[in-house]
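Below is one structure, written out as structure tokens, with a few remarks after it.
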Amino acid sequence: MSVHPEPWLVDYDTTLASFDWGEAWAGLRADGQVGRPASVNIADLAVDRHVRNGHGDRVALRFIGPDHDDIDDPLDITYAMLARRTNRFSDAIRRRGFGPGTGVATLAGRIPDLYVTALGTLKAQGIFTPLFSAFGPDPIAERLNLGRIKILVTTPLLYRRKVASILDRLPQMELVLVCGSTEDEIGTTRANGAHPRVMSFGSFLTEGCDTFEAPLTDPETPALLHFTSATTGPPKGAIHVHTAVVVHHVTGRLVLDLHDGDTFWCTADPGWVTGTSYGIIAPLVNGVTSIVDEAEFDSQRWYRILERNAVDVFYTAPTAIRMLQRAGGELAAEHDLSNLRLVASVGEPLDADAVRWCQHTFGVPVIDTWWQTETGGIMISNHRSQPVRPGSMGRPLPGIEVALLERDADGAMAVDAAGAPVEIDDPGQSGELALRAGWPSMFRAYLDQDDRYQQSFVDGWYRTGDLARRDVDGYYWFVGRGDDMIKTSGHLIGPFEVETALDEHPAVAESAVIGVPDPVAGAIVKAFIVPAPGHVPSDALQRELLGHARARLGAAVAPREIEFVADLPHTHSGKTMRRPLRNPPKNPAGVALSATPTSHFSEFEDLR
Amino acid sequence: MTDLPDRHRHVDIATMILSSIADVAPESEPELADLDHDVDFWRELQLDSMDLLAVMTRLSEQTGIDITERNYPHLTTIDSLRDFLARAT
């Protein structure tokens, strides 16, 4: 049994009372002074700083390949190696004339080149955008265009399956870099001189030099662009700036409790914000060794990785914890997990049952954390040293002010006589979770959608869209989404994008997409579809629409269930109402579905 | 099924597996005919862990064979899945 270090946060109230963002910088500055420095670069703090401080030989990233045998034969990249390789990438993009602000995206699994691209882009003051590799071609093309991405890094498989077919739809793309392939292999699929240029990542790196020095930049310089789906309209591109790194550093300590010499494993895919903030930046800024597993979830594999690498801190999703729970505690008991001192989760509420199972099985605290793309880092959480309230998201990060704002019956923000939002103090009452604007990792814009950005603030509060309540001791409890967004397998899916893809099919007159509860994923995406005239609901049609949606959107976003209905509920202005579909009244007639011609479909009949 | 010679049983089981995949991921249907039976088809067809769960549940229901999560890591190819189901019947 190993001896665990003292937690960074020993007493919540003391830390809360004394915390100051300026002082938080002291741990990151070479001179140890407090206050935000005049210039900064996330990649310099995450990589080069450790080399300067004599820790170049420390393992930064331990990559485990996708196969079974790879668990025993990982690829270790030290901080010094990572510094050289990211220098090459930065230098190569600069030499090709891509200046600060260049948009660089990745569409790849958890492979080493993705991490080099992310950090190399930040070094060169580009803007890094990760895309989830399970997206279909449509969401990929839309995000690449919205983000004005000029360089895309991808794999041969994803290039072949998803990128090659959309190249003509990407007018702003200049360079596509394919990892793990040779020029010859790519040359067979694409003509020389075609636009955009497609080349191998490996030969691109040879154009750069090992000794590039990361230029420091204004702390407000954009660094990351993360897309997040919307309830209506195109995805929103949340922009984060270099100064956000202080939040990654602080939460790595106060929440994830990372210490020198730790091995940390965040299972999130860098295609989503968690995989970037906590799969790349936070562990590196804190100088620990980070595990990266290329394979998908597999309970036995995961226990072996935890054991073999003596993982100290494990950050994963409730869906994964529930899958481990399904696989049984005996499996865990077969492995030596004594190094583990903290399990944390994010993505959707961690139910009390899963917390208790996990605590019992691993014998360590299991803490839920709450944050979202727009917040850039963990904002509310339980803490290792504090009693965990199973089912609660915990208490605010020191330095973050949280409130619950009252909403009226229609979901609009309630205001007092002076027009100001109304804060809720009653522990029994739920309201919209809001954060006092101005924390360092707050998003600075929705790219090209300033009206939407402004709408997410009220009277100096950032509105999260999540409903929660607060108990008498100040712990927050998630109640639900305040809008139509769907939390599935730890990802936030916007119904609009799914409906748009479905509506493009000629057999669909209209569709509405909601989340329905699921024991493993938390919720799954379900589509209600009104068939177009001349199309009759059938198993074959259902299958065709499922295939259509999956091919366009990818498995992660497409519906898992499709149900045909005669009509959908609408507002007086003709907007589709999704809420009645989520909470159908006892008497289906109340949903205002009109009668239609007969159908052999039972669910179809039920909803008439 | 048990009366058939082994070769025929194998063909039947492989067909059943492919049709379960097509049910869960209809978009993969055009590729299934040419799918190598010894490659990791979850990766090849870009199926996620929820798809995996759905396919395994379907196969369990159809065959009455209990496929536990413990078995999943060894069932990544059509061949391995077919052998597993054939042995268990």
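Just so you know, the sequences run in chain order X and Y. Be aware that the first sequence starts at 1, since it is given in this note's numbering, and climbs by one per residue. Be aware that the second sequence starts at 1001, since it is given in this note's numbering, and climbs by one per residue. Every residue gets a Cβ at the ideal spot worked out from N, C-alpha and C, and that includes glycine.
Quick check: is the beta carbon of residue i nearer than 7 Å to any beta carbon in chain X?
i, result
"Y/Asp1083", "no"
"Y/Leu1075", "no"
In terms of alpha-carbon separation, which member of the options lies closest to residue i?
i, options, result
"X/Arg62", "X/Glu294, X/Asn53 and X/Pro219", "X/Glu294"
"X/Asp466", "X/Lys487, X/Gln455 and X/Gly460", "X/Lys487"
"X/Ala259", "X/Glu6, X/Thr228, X/Thr217 and X/Pro580", "Residue 259 of chain X is actually His in this sequence, not Ala. It is X/Glu6."
"X/Glu334", "X/Asp351, X/Ile321, X/Leu306 and X/Leu350", "X/Leu306"
"X/Gln542", "X/Gly554, X/His195, X/Ala556 and X/Lys526", "X/Lys526"
"X/Arg529", "X/Pro506, X/Thr182 and X/Leu107", "Residue identity check: residue 529 of chain X is Ile in the sequence provided, not Arg. Ranking X/Pro506, X/Thr182 and X/Leu107 by Cα distance to X/Ile529 puts X/Pro506 first."
"X/Tyr79", "X/Arg253, X/Arg49 and X/Ser277", "X/Arg49"
"X/Gly522", "X/Met323, X/Ser385, X/Arg253 and X/Thr121", "X/Met323"
"X/Leu82", "X/Ala214, X/Ala194 and X/Gly431", "X/Ala214"
"X/Glu183", "X/Gly202, X/Leu175 and X/Asp168", "X/Gly202"
"X/Ser181", "X/Arg160, X/Ile524, X/Val498 and X/Asp257", "X/Arg160"
"X/Ile186", "X/Glu174, X/Ala164, X/Asp168 and X/Leu170", "X/Ala164"
"X/Leu158", "X/Arg169, X/Gln172, X/Leu131 and X/Glu142", "X/Leu131"
"X/Tyr315", "X/Pro349, X/Val273, X/Gln359 and X/Leu256", "X/Leu256"
"X/Val565", "X/Ser573, X/Leu553, X/Val513 and X/Val116", "X/Val513"
"X/Gly480", "X/Glu499, X/Asp471 and X/Glu432", "X/Glu432"
"X/Arg436", "X/Ser200, X/Arg301, X/Gly494 and X/Pro421", "X/Pro421"
Excluding the 5 residues flanking residue i on each side, which residues of the same chain have their C-beta closer than 6 Å to its C-beta?
i, result
"X/Gly275", "Ala268 and Asp269"
"X/Leu45", "Leu28, Val245 and Val285"
"X/Lys586", "Per-residue confidence for X/Lys586 stands at a pLDDT of 49, beneath the threshold of 50, marking its modelled position as unreliable; no derived number is given."
"X/Ile380", "Trp370, Met393, Gly394, Pro396 and Tyr476"
"X/Gly65", "Glu294"
"Y/Leu1045", "Ser1028"
"X/His535", "Ala507"
"X/Arg169", "Ala141"
Examine chain Y for any beta-carbon lying closer than 7 Å to the beta-carbon of residue i, and answer yes or no.
i, result
"X/Gly279", "no"
"X/Gln300", "yes"
"X/Leu546", "yes"
"X/Glu330", "no"
"X/Ala164", "no"
"X/Ala540", "no"
"X/Arg95", "no"
"X/Ala80", "no"
"X/Ala551", "yes"
"X/Arg543", "yes"
"X/Ala327", "yes"
"X/Ala108", "no"
"X/Ala595", "At X/Ala595, the pLDDT of 30 sits below 50, so the modelled position is not reliable; the number obtained from the coordinates is stated separately. Chain Y, which has no Cβ nearer than 7 Å to the Cβ of X/Ala595, makes this no."
Leaving aside the five residues before and after residue i along the sequence, list all residues of the same chain whose C-beta is less than 7 Å from its C-beta, in chain order.
i, result
"X/Thr571", "Met577"
"X/Ala92", "Phe204, Leu205, Glu207 and Gly208"
"X/Ala532", "Pro506, Ala507, Val508 and Ala509"
"X/Ala354", "Pro318, Ile321, Arg322 and Gln325"
"X/Asp312", "Asp262, Thr263, Phe264, Asn339, Leu340 and Arg341"
"X/Val472", "Pro427"
"X/Trp629", "Any question about residue 629 of chain X goes unanswered here, given that chain X covers just 1 to 608."
Any Cβ of chain C within less than 7 Å of the Cβ of residue i?
i, result
"X/Phe297", "In summary, chain C is missing from the structure at hand, where the protein chains are X and Y."
Please go through the same chain and pick out, in chain order, the residues whose beta-carbon is closer than 8 Å to the beta-carbon of residue i, but skip the five residues on each side of it.
i, result
"Y/His1074", "Ser1080 and Phe1084"
"Y/Ser1020", "Val1055, Arg1058, Leu1059 and Gln1062"
"X/Glu374", "Thr228, Ala238, Met442, Phe443, Ser456, Tyr462 and Thr464"
"X/Asp503", "Glu510 and Ser511"
Quiz item: Residues in the region 1031 to 1063 of chain Y with C-beta within 9 Å of chain X's C-beta atoms, listed in sequence order?
Solution: Those residues of the region 1031 to 1063 of chain Y placed with their C-beta closer than 9 Å to a C-beta in chain X are Asp1040, Trp1042, Arg1043, Glu1044, Gln1046, Leu1047, Asp1048, Ser1049, Met1050, Asp1051, Leu1052, Leu1053 and Ala1054, ordered along the chain.
Quiz item: In chain order, what residues of the region 497 to 522 of chain X put their CB closer than 7 Å to some CB of chain Y?
Solution: Correct list: Val520 and Ala521.
Exercise. Kindly provide the ranges of any alpha helix (DSSP H) runs that are 4 or more residues long and lie completely inside the region 487 to 547 of chain X, ordered along the chain.
Key: Taken in chain order, the unbroken stretches of alpha helix (DSSP H) that lie wholly in the region 487 to 547 of chain X and span 4 residues or more are 495 to 503.
Practice problem: Could you name each continuous beta strand (DSSP E) segment of 3 residues or more that falls completely within the region 278 to 328 of chain X, going from the start of the chain to the end? | Solution: Within the region 278 to 328 of chain X, the complete beta strand (DSSP E) runs of at least 3 residues are 289 to 293 and 313 to 316.
Exercise. Using a Cβ-Cβ cut-off of less than 9 Å, give me the residues of the region 1010 to 1025 of chain Y that come near chain X, in sequence order.
Key: Ala1022, Asp1023, Val1024 and Ala1025
Quiz item: the region 472 to 492 of chain X: which residues have C-beta closer than 7 Å to a C-beta of chain Y, in chain order?
Solution: Ser489
Practice problem: Please go through the region 32 to 92 of chain X and give each complete beta strand (DSSP E) segment of 3 or more residues, from N-terminal end onward. | Solution: As far as the region 32 to 92 of chain X is concerned, its whole beta strand (DSSP E) runs of at least 3 residues are 59 to 64 and 75 to 78.
Practice problem: Closer than 7 Å, Cβ to Cβ, to anything on chain Y: give me those residues from the region 111 to 138 of chain X, in chain order. | Solution: Ala134
Exercise. Below 9 Å between beta carbons is the criterion; list the residues of the region 142 to 168 of chain X that meet it against any residue of chain Y, in chain order.
Key: Residues passing the 9 Å Cβ filter: Leu157, Leu158, Arg161 and Lys162.
Quiz item: What residues from the region 555 to 577 of chain X come within 8 Å of chain Y, judged by C-beta to C-beta, listed N to C?
Solution: Ala555, Ala556 and Arg560
Exercise. Starting from the N-terminal side, write out each stretch of the alpha helix (DSSP H) that is 4 residues or longer and does not extend beyond the region 346 to 429 of chain X.
Key: 352 to 362
Self-check item: Unbroken stretches of the beta strand (DSSP E), 3 residues or longer, contained in the region 166 to 199 of chain X
Solution: 175 to 178
Practice problem: Would you list, in sequence order, the uninterrupted alpha helix (DSSP H) runs of no fewer than 4 residues that lie entirely inside the region 1031 to 1057 of chain Y? | Solution: 1041 to 1044
Practice problem: Could you pull out every unbroken beta strand (DSSP E) segment of at least 3 residues lying fully inside the region 122 to 152 of chain X, listed in chain order? | Solution: 127 to 131
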